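Each protein sequence line maps, in turn, to chains A and B.
22 is the number of the first residue of the first sequence in this note's numbering; add one for each residue after it.
22 is the number of the first residue of the second sequence in this note's numbering; add one for each residue after it.
This report concerns only the one structure given below.
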Amino acid sequence: MTIGTRLTLWYSGLLLASLLVLCGGLYYELIIERNADLAAGRQREPVEHEIDEVLLYYAIPAVLVTLGGGWWLMRKALSPVRRLTAAAEGISARTLGDRLPRTGNGDELDRLTEVFNAMLGRLEASFAREREFTLHASHELKTPLTIMRGQVETALRDGSPTPSQGELLGDHLDEIQRLAAIVDSLSLLAQADAGLVEFRREPVRLDELVHDACADARLLGEAAGLTVVPGEVQTLSVMGDRRRLRQLLLALTDNALKYNHRGGIIRFTLLRSGDRAELSIVNTGPGIPADKLPRVFDRFYRCDPAHGSTVEGSGLGLSIAQWIVTSHGGDIRLASRMGEDTTVTVQLPGE
Amino acid sequence: MRVLVVEDERKTAAFVRKALQSEGWTVEVLDHGDTVLPLLATTHFDALVLDIMLPGCDGLTVVRQMRLRQMKTPVLLLTARGEVGERVEGLNAGADDYLAKPFALAELVARVRALGRRVTEPAATTLHLADLSLDTIHHRAERAGQPIELAPREYRLLEFLLRSSGRVCARRAIVEGVWDYDFDPGTNLVDVYVMRLREKIDAGFATQLLHTVRGIGYVLKEPSP
């Protein structure tokens with residue numbers, strides 16, 4: 022039965038019920054009571070009076086029945102819509118495999134659920150295709166890269182190139198290495214999307230990793246005159262994958278170094294906040310315009326400052342950082358003040 | 022040393038063969054997974070370089086079968102996928118080492134050499150190269166009798182390079198051996214550390230020992246006369 026039919030029937034029933042209440046009242050007041058008065062030889066009340074009484078005692082309840090019943094009816098009719106909304110809200114890019122529950126009674130909403138589920142199916146398939154494409158593409162790219170790298174190395178070693186040829190071949194090797202690094206990151210993300218990367222869960226002393234990152238940053242930043250300012254680093258552990266957390270810190274450190282100006286600073290802070298660990302890395306730099314902030318975690322997204330200086334890198338560092346954080350059940354945010362500094366804040370569930 | 026290379030990609034097989042041959046080793050190449058076990062059953066090899074993706078029997082299965090049949094030839098697995106899970110799977114299957122494509126030839130050669138050596142000679146406690154020496158017990162380095170102050174990471178880097186002195190260490194091998202990262206750190210961490218180490222061991226000496234190999238990595242060696 023369609024919802025239209027069902028609602029019509031239910032509502033007619035409701036109106037009928039309230040009509041019956043009203044008619045019953047009229048019948049009682051005008052016929053039964055008056056006849057009883059007559060039989061008892063009492064003075065009959067005037068008809069207007071009776072009608073006033075009917076309206077007072079029966080019409081108001083009849084209206085209330087209609088109102089209450091109508092409200093209950095609409096609630097009942099809309100409850101599948103609420104359930105659908107809640108279920109649809111729960112579906113994200115990560116849970117595209119989920120389907121909305123069908124009632125199976127063939128009404129309009131069931132039909133809507135069916136269409137929605139079919140759409141989810143298509144969406145899921147296209148996500149899967151994209152993942153597979155990236156996975157295959159990064160895999161296929163490795164074979165030619167291996168060949169190029171091997172042949173260039175062989176030419177450098179055995180081909181006795183002239184100095185300028187050697188320079189050129191060396192340049193090629195550098196670029197091949199860069200390309201290989203991008204392909205590696207891309208393939209890591211594709212595997213992450215496909216749920217193929219497993220995370221260990223062990224207690225990890227986050228403060229140690231932060232101290233390591235500080236030391237690396239100090240050294241790497243020396244050439245650009247960057248100062249690493251030690252903020253407060255509390256001793257704390259989180260449950261997670263040590264190797265991935267190091268990768269996270271390295272990616273964030275790398276970013277803080279790259280998007281910085283000469284003589285700028287980097288500050289690491291690690292604090293306990295409730296039952297979570299809060300890591301923040303502040304770097305001075307050109308800053309990121311507010312409208313670009315939401316996009317910085319997108320793959321290959323670059324937000325190079327207005328003066329057009331290009332920063333070397335794969336453009337995948339922050340995407341990888343975000344993946345590592347969310348896989349640990351954490352949260353990563355970026356805040357920026359133009360021309361002053363940028364702060365990346367990572368919250369991870371504590372041990 | 023006799024090395025068997027199993028790789029179905031013709032060009033890759035060609036330069037791997039060339040690189041291993043130029044080390045003076047005898048190299049045989051196969052391009053099909055099913056042909057490996059029969060050949061190993063009849064011929065002795067000191068090391069096996071095995072691609073994972075092969076027509077016929079894949080590399081992992083080959084290693085498993087070898088180990089089941091008590092064939093002890095050391096195996097270096099090559100793979101284009103290169104993720105941790107696969108690395109662990111490969112080593113669990115019985116492989117001795119693992120190299121992700123695209124690899125540096127120098128690294129491949131170094132790893133095959135390490136596999137072939139495999140005689141468990143006790144690690145030397147004092148390492149030498151020319152007038153540079155490193156005492157691995159007391160963590161002391163000297164050059165020409167002058168003590169060198171090293172930070173812990175610099176010490177590990179020097180030890181790593183000295184243990185393979187004369188051979189090129191690829192950046193990735195250094196990252197793995199010294200930092201224990203098995204991913205590309207995406208920074209020039211290695212280069213910066215090598216530069217600092219070079220300042221400490223080479224500055225002020227006529228003979229430079231730490232050399233850069235463009236596009237590949239670094240090598241500690243005495244300059245050839």
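Ideal placement from N, C-alpha and C gives every residue a C-beta, glycine not left out.
On a predicted model such as this, the values are computed, not experimentally measured, just so you know.
| Which residue's Cα is closest to the Cα of A:T26: A:E299, A:V75, A:G127? | Ranking A:E299, A:V75, A:G127 by CA distance to the CA of A:T26 puts A:G127 first.
| query | Between the C-alpha atoms of B:K32 and A:K163, what's the straight-line distance to the nearest angstrom? | reply | 13 Å
| field | Close-in-space but distant-in-sequence residues of the same chain around B:G231 (CB under 6 Å, 5 per side omitted) | value | Correcting the residue identity first, residue 231 of chain B is Leu in this sequence and not Gly. Closer than 6 Å at the Cβ level, and outside the excluded window around B:L231, lie R219, D223, L241.
| query | Leaving out the 5 sequence neighbours to the left and right, which residues in its chain are closer than 7 Å to A:L292 when beta-carbon positions are compared? | reply | Cβ neighbours of A:L292 beyond the five flanking positions: E253, Q255, E299.
| Three-state secondary structure (DSSP) of A:F289 | strand
| Within chain A, partners of B:E30 - CB distance below 9 Å | Ordered by position in chain A, the residues that pass the 9 Å Cβ test against B:E30 are T164, T167, I168.
| Closer than 7 Å to chain A by CB, B:V196 | no
| query | What first and last residue would you give for the alpha helix (DSSP H) that runs through A:R199? | reply | 184 to 214
| What residues are listed by DSSP as bridge partners for A:N56? | Paired residue(s): none; A:N56 is not in a bridge.
| said: My assumption, with CB atoms under 8 Å, is that A:L314 sits in contact with A:S357. Please give the rounded CB distance. | reply: 6 Å
| query | Can you list, in chain order, the residues of its chain whose CB lies under 7 Å from that of A:A98, leaving out five sequence neighbours each side? | reply | I24, L28
| Through-space distance from A:P67 to A:E50, alpha-carbon basis | 11 Å
| query | Could you give the residue range of the alpha helix (DSSP H) that holds B:Y176? | reply | Looking at the DSSP string, the run of the alpha helix (DSSP H) that includes B:Y176 is 173 to 184.
| Range of the contiguous alpha helix (DSSP H) that encloses B:T167 | The question names Thr, but residue 167 of chain B is Gln in the sequence shown. That residue, B:Q167, is in no alpha helix (DSSP H); its beta strand (DSSP E) goes 167 to 169.
| request: Using only alpha-carbon positions, find the residue among B:L210, B:E243, B:K221, B:D29 that is nearest to A:L240. | output: B:L210
| query | Which residues bound the alpha helix (DSSP H) around B:M216? | reply | 210 to 223
| query | Is it buried or exposed for A:H157, if we count other Cβ within 10 angstroms and need 16 for buried? | reply | By the 10 Å Cβ count, A:H157 comes out exposed.
| request: In angstroms with no decimal places, state the Cα-to-Cα distance between A:S206 and B:L171. | output: 33 Å
| the stretch 176 to 188 of chain A: positions lying closer than 9 Å to chain B by Cβ | L177, R178, D179, G187, E188
| Beta-carbon gap between A:I286 and A:T248 smaller than 7 Å | yes
| Out of curiosity, what's the CA-to-CA distance linking A:V317 and A:L355? | 9 Å
| field | Within the stretch 82 to 123 of chain B, ranges of the beta strand (DSSP E) (whole runs, at least 3 residues) | value | 96 to 100, 118 to 121
| task | Can you tell me the Cβ-Cβ gap for A:V173 and A:H193, rounded? I've got them flagged as a contact below 8 Å. | result | The C-beta separation of A:V173 from A:H193 comes to about 5 Å, placing the pair in contact by the 8 Å criterion.
| query | Using 7 Å as the limit for Cβ to Cβ distance, is B:L126 near chain A? | reply | Interface criterion met: the Cβ of B:L126 is under 7 Å from a Cβ in chain A.
| query | To the nearest whole angstrom, what separates the beta carbons of B:L71 and B:L99, a pair I think is in contact under 8 Å? | reply | 7 Å
| task | Could you pull out every residue in the same chain whose Cβ sits closer than 6 Å to the Cβ of A:R31, ignoring the five residues on either side in sequence? | result | The question names Arg, but residue 31 of chain A in the sequence shown is Trp. L94.
| Of all the CB atoms in chain B, is at least one closer than 7 Å to the CB of A:H160? | yes
| request: List the residues of chain A that B:P168 touches, going by C-beta distances under 8 Å, in chain order. | output: What B:P168 touches in chain A: nothing, since even the nearest Cβ is about 22 Å away.
| Helix, strand or coil for A:C235 per DSSP? | The answer is helix: DSSP assigns A:C235 an H, G or I state.
| task | Return the first residue and the last residue of the beta strand (DSSP E) that A:M169 is part of. | result | Looking at the DSSP string, A:M169 is not in any beta strand (DSSP E); the run it does join, the alpha helix (DSSP H), is 129 to 179.
| task | Report yes or no: is there a C-beta of chain B within less than 7 Å of the C-beta of A:S357? | result | No, its Cβ sits nowhere closer than 7 Å to a Cβ of chain B.
| request: Look up B:H232 in the DSSP assignment and give the residues it is bridged to. | output: B:V240
| How about A:D228 and A:V303: are their beta carbons less than 7 Å apart? | Result no, Cβ atoms of A:D228 and A:V303 do not sit closer than 7 Å.
| said: Once the 5 residues before and after A:Q212 are set aside, which same chain residues still bring their CB inside 8 Å of it? | reply: Around A:Q212, the same chain offers L156, V218 as residues with beta carbons nearer than 8 Å, after the five sequence neighbours per side are excluded.
| said: Any C-beta of chain A within less than 8 Å: which residues of the stretch 227 to 239 of chain B qualify? | reply: R235, G236, I237
| Would you say A:E174 faces chain B, with C-beta separation under 7 Å as the test? | yes
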